[in-house]
Each structure stands twice: as structure tokens, then as C-alpha cells.
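Novice: The numbers in full-length UniProt numbering rise by one with no breaks, and the one at position 99 of the sequence shown is 99. Where is the CB? At the ideal position from N, CA and C, for every residue including glycine. All figures in this text were calculated on a predicted structure; none of them were measured in a lab. Got a structure for you, questions after.
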Amino acid sequence: MADETDNSGEVGLENLNQQTSEGPELARKDNETVRSAAELEPVFDVPVTVQAVLGKSTLEVSHLLKLAPGAVVELDRKVGEAIDIYVNNRLVARGEVVLVEEHLGVTMTEIIKLDGSSGR
């Protein structure tokens, strides 16, 4: 079976909050149909993996083997810089780390559109 991906039915996160007189709808490009949130209900319970990536680093194996408790690995981000938010390994947003009671959380500050541009 060939690994073909059909992206024609993809819906961006930025469109989930748009409202019409008939309830929430998901906007599509100019000549495409508009889908209501109710039409997507069959996939509402499908689990997805969400990752909030603080930063990345590349290490040589020799350095990796020398790591011990207390070692610091420098990341490619500065303190306070937005972190990347991935859904199923696809970049969908950027945000800031927040504290939610005793847990870490992420506030989304920017949604990445399907065409790769950002929308705030």
C-alpha cells in the first residue's frame, strides 16, 4: 500500500473559533467547501500527541556519555523565547511556558497556518 497523504481535508487550528449564525464552522480556502465542527465530531475522540519543545541541542556521543546528574545541556533557545508546539510531529503553534498549579503548561501565543505562515 503506497504511503499517500491526502491533505485536502486538513483543518487549521486558527479556524476552530470562527462563528457563524449556524454555529461554529471551519473556514476553507476561497473555492472550497465550509465544514461545520459537527461534521468533524467522529474524530473528536481520536488521540493526538502534543509536544512542547523548549529547544534542541546536538551532542557528540562522547559528550553524551559523560553527562551526569547536575550536568547542563545548552539549548538553541534563549530564556523567554517562544517554544514550539507540535501536534503529531507537525509544528502548529508557538507559546510560552506557564505554571498551572503544580504543573507546567503552555499558553499559545502564535498559531502556525497550514501554509507555514504564522497568525496571531
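1) Quick check: what's the CA-CA separation for residue 121 versus residue 47?
2) With residue 75 and residue 57 assumed to form a contact (beta carbons below 8 Å), what rounded beta-carbon distance in angstroms separates them?
3) Going by DSSP, what residues sit across from residue 53 in a beta bridge?
4) I need the boundaries of the beta strand (DSSP E) containing residue 92, first residue and last residue.
5) Could you tell me the distance, in whole angstroms, from the CA atom of residue 112 to the CA atom of residue 72?
6) Would you list the residues sitting across from residue 105 in a DSSP beta bridge?
7) Using 8 Å for Cβ pairs, my map puts residue 106 next to residue 98. What's the rounded Cβ distance?
8) Under three-state DSSP, which class holds residue 41?
9) If we ignore side chains and look at the alpha-carbon of each, how far apart do residue 40 and residue 96 end up?
10) Kindly give me the distance between the Cβ atoms of residue 92 and residue 83, rounded to whole angstroms, as I take these residues to be in contact under 8 Å.
Specialist: If we stick to the structure as given:
1) No information on residue 121 is available, as it lies outside the stretch 1 to 120 that the chain covers here.
2) 5 Å
3) 84
4) 90-100
5) 30 Å
6) 98
7) 7 Å
8) helix
9) 29 Å
10) In fact, because the Cβ distance is near 12 Å, the residues do not count as touching under 8 Å.
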